[in-house]
Structure formats: structure tokens, C-alpha cells
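Working notes, structure below.
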């Protein structure tokens, strides 16, 4: 005869309770969660305390681009545009910028725009001197018969004929003359920025064909007028480019007219002047037509101060900063000027040059 229902329930309950108790004991002994692993140790190195100069800089937003803007308009007879230098390409002295009716228009260097035919018998002028400088630079006067001056001589014409022979012109078309529109003068090599006409379309005298810039890299930035008074052409600055260490630059131009942009609420903003900085980018920097960069301008300088790496500063419990010596001792310091480029900071505290402070290992 089976046990009454109530007795069986009690028996099951006891077994379950005992099972839970045993499981808990087993968990307590065998299943205890492991303790948290110790925090990983930060690998450190050391750097010496030094004494020297610190330069603090103010950062402004700038734009990396190419200097100058050179619109090129067609000056010869109207015709179909048959060739055009590609955007982003560089055209140097003697090379073709574009062609109309399959007749190339070539680049020469000079500040004076072409304004007349260059030919034997023309009146003397500075455009002749400009042409002769280019002829000599292109190696078209091997006998050195040309005297670079303002007179178009037989030697000048002979050199132009040599150039025309290099173009592949038949002898009958080697006139020794360059009609207006055959060449374009610009201060130097040009980087093609944007076409203004499409190959296959008709262009006439005065019509824009392309726009170009120089090949010189520059940064432009708008500086508040309150800061601009301490800046002058020739000043050294630093430029931060993504993916590269700060690059030195030289301020070459400052606008003389301040401009004011409206803020988001339509209110007048801070008056600024535009500055232009010339620089040379390190190899491997991305070849971008335009890119945002940072312009670091010196705002304060101190000489003969104690310096430690920025990375050596650590927060002190209760506020302030301290550094840890290689001996393991801590020294409280008071930071002064920060040099973002050098990666150092001026400090005041019980330190002496030559002591080693801990920094994160590289």
C-alpha cells in the first residue's frame, strides 16, 4: 500500500531541500567565482628633467591648399577645344595647358601677361625680356647668342624656331614668331584646379578655359584681430596635419582688411584677418587639394625654466599634480606653460635637472 499523499510530499520536500543544501555547499567549496584579476601594470620608462625654453601656442583652425589663383583665358582665334590638362596635374615651363584646333597653348614663366605678338621687328619691351629668359631656361640657345634684354633679335627668332621644331611643326611653319595666344605667362609651374570649358566645345578670345594654382603648399587661417597684432610676415609657426608630426611653416602674408562673419544667431562675430603660411609637407602626407589643419601660433615664451614631459604629470589626490621619480618617490609640482609641439611643460617644484621621472613607455 502506498504512502498517503501528504507523507510523500513531505518526503519529496525533504529530498529537494537537502539537494539544494548540498548543491549550495558544493558551490561554496567548488564553484566559488574566481577573484578579479589584478589591474594590468602600465609599462613605464623614464625621461630626464631639463632646463630650457618653453613656448606656449594658441591653436587656430586652418585650411591646407595651394597658393594663388590663376584663371587662364583663350586669347587666340576661336576654335574647338581639342585638349585640356587634367585637373590635379602639374604643368611646367614649355608644356601645353590646352589646345584649340589641335594647336597647343604652352606655359612660360613670368609675371607679365602676354598682350601682343612676340615676333621679329617688334618694339622693345619687358615681355621680350620675359620671353628670352624662358628660351634660355629651356635650353633653346645652346650657342649663347641671346642677350637677355628687351630687344627681339635674330638670335631670339632662331631660338623660337628651334622650339617650334621640337613641337613637330614643318619647316615652313617655323616662323620664329609667337602670335598672341600661343603662350600663357604665369609666375611658375601651375597645378590645374578646375576646367572652365569642356573638350569639344567652341572657345573664343577672352573665354575662360581653366583655373589653376601654384604648386606651393600653404595654409590659410582666420585670426582674431586681437591676436593678429603680434604676428608679422616671416614669423615661424607650426602646422598640425592629420597623421604627421607638427610641421614648421613661415607666415608670408596677412590681409589688411578685417572681416566679420555672422554667428548662428545672426549676430556679428569676432573680427578676423586672414593669414597665409607657407610650408613643406613631409613625404607620405596625403596629396589633398584641401584639408583641415591646425595652426599653432606662439602666445608666450619663457627661458631657463624646469621642464618635464607632459606625460610625466599625474593628478595628485586632493588636487594638483605630481611626478614620480625613477626611485619611486613622488614630487608635487605646479605646471606653468605647456609646449604642445615639444611635448613638455614648465614645472615648479623640488626637482633638479638630470633627475629621471617616470613616463608611459612607448
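Numbering (the numbering used here), first residue to last: -19 to 342. Idealized CB from N, CA, C, for every residue including glycine.
Residue span of the alpha helix (DSSP H) that contains residue i, given as start and end
i: residue 354; result: In this structure the chain extends from -19 to 342, so residue 354 is not present and cannot be described.
i: residue 206; result: 205 to 208
Residues near residue i in its chain [Cβ-Cβ closer than 7 Å; skip 5 each side]
i: residue 75; result: 86 and 87
i: residue 334; result: 28 and 29
i: residue -16; result: In this prediction, residue -16 has a pLDDT of 39, which is less than 50 and means its spatial position is unreliable; what the coordinates show is noted afterwards. So no residue of the chain qualifies.
i: residue 51; result: 188 and 191
i: residue 130; result: 104, 105, 106, 108 and 109
i: residue 248; result: 240 and 242
i: residue 404; result: No statement about residue 404 is possible, as the shown extent of the chain runs from -19 to 342 and does not include it.
i: residue 196; result: 46, 47 and 258
Residues sharing a beta bridge with residue i, DSSP
i: residue 271; result: 44
i: residue 29; result: Residue 29 pairs with nothing; no bridge assigned.
i: residue 353; result: No answer is possible for residue 353: it lies beyond the span of the chain, which begins at -19 and ends at 342.
i: residue 220; result: 274
i: residue 87; result: 164
i: residue 326; result: 287
i: residue 192; result: 50 and 172
i: residue 36; result: 280
i: residue 295; result: 301
i: residue 70; result: 171
i: residue 128; result: Looking at the DSSP assignment, residue 128 forms no beta bridge with any residue, so it has no partner.
i: residue 98; result: 158
i: residue 24; result: 340
i: residue 183; result: 59
Residues of its chain near residue i, where Cβ-Cβ distance is below 6 Å and the 5 sequence neighbours each way are ignored
i: residue 41; result: none
i: residue 292; result: 303, 337 and 339
i: residue 274; result: 39 and 220
i: residue 181; result: 61
i: residue 158; result: 98
i: residue 175; result: 64 and 190
i: residue 260; result: none
i: residue 391; result: Nothing in the structure corresponds to residue 391, since the chain is present only between -19 and 342.
i: residue 322; result: none
i: residue 233; result: 256
i: residue 111; result: 98
i: residue 330; result: 311
i: residue 281; result: 35
i: residue 23; result: 341
i: residue 82; result: 62
i: residue 137; result: 100 and 156
Unbroken beta strand (DSSP E) run spanning residue i, endpoints
i: residue 62; result: 59 to 64
i: residue 319; result: 310 to 319
i: residue 336; result: 336 to 340
i: residue 302; result: 301 to 304
i: residue 78; result: 76 to 80
Contacts around residue i, its chain only, beta-carbon distance under 8 Å, and the 5 residues preceding and following it disregarded
i: residue -14; result: Bear in mind that the predicted position of residue -14 carries a pLDDT of just 37, short of 50, making it unreliable; the figure below should be weighed with that in mind. Contacts found: none.
i: residue 26; result: 306, 336, 337, 338 and 339
i: residue 343; result: An answer regarding residue 343 cannot be provided, because it is not within the stretch -19 to 342 covered by the chain.
i: residue 373; result: Nothing in the structure corresponds to residue 373, since the chain is present only between -19 and 342.
i: residue 284; result: 31, 32 and 33
i: residue 9; result: Reliability of the predicted coordinates at residue 9 is poor, the pLDDT of 36 falling under 50, and no value is obtained from them.
i: residue 144; result: 153, 154, 155 and 156
i: residue 251; result: 204, 205, 238, 239 and 240
Short CB-CB distance (under 8 Å) between residue i and chain B
i: residue 68; result: The chain inventory of the structure shown lacks chain B, comprising one protein chain alone.
### Query
If we count Cβ pairs, one from each stretch, closer than 8 Å, do we get three or more for the region 193 to 206 versus the region 95 to 114?
no
### Query
Using 8 Å as the Cβ pair cut-off and three pairs as the minimum, do the region 297 to 316 and the region 66 to 77 touch?
no
### Task
Answer yes if the region 47 to 57 comes into contact with the region 147 to 154, meaning at least three C-beta pairs across the two stretches below 8 Å, and no otherwise.
no
### Message
Quick check on the DSSP output: what are the complete beta strand (DSSP E) runs of length 3 or more inside the region 224 to 253, in order along the chain?
### Response
227 to 234 and 239 to 242
### Start-end ranges of the alpha helix (DSSP H) lying completely within the region 143 to 174, minimum 4 residues
none
### Query
Are at least three pairs of beta-carbons, each pair with one atom in the region 171 to 185 and one in the region 232 to 242, less than 8 Å apart?
no
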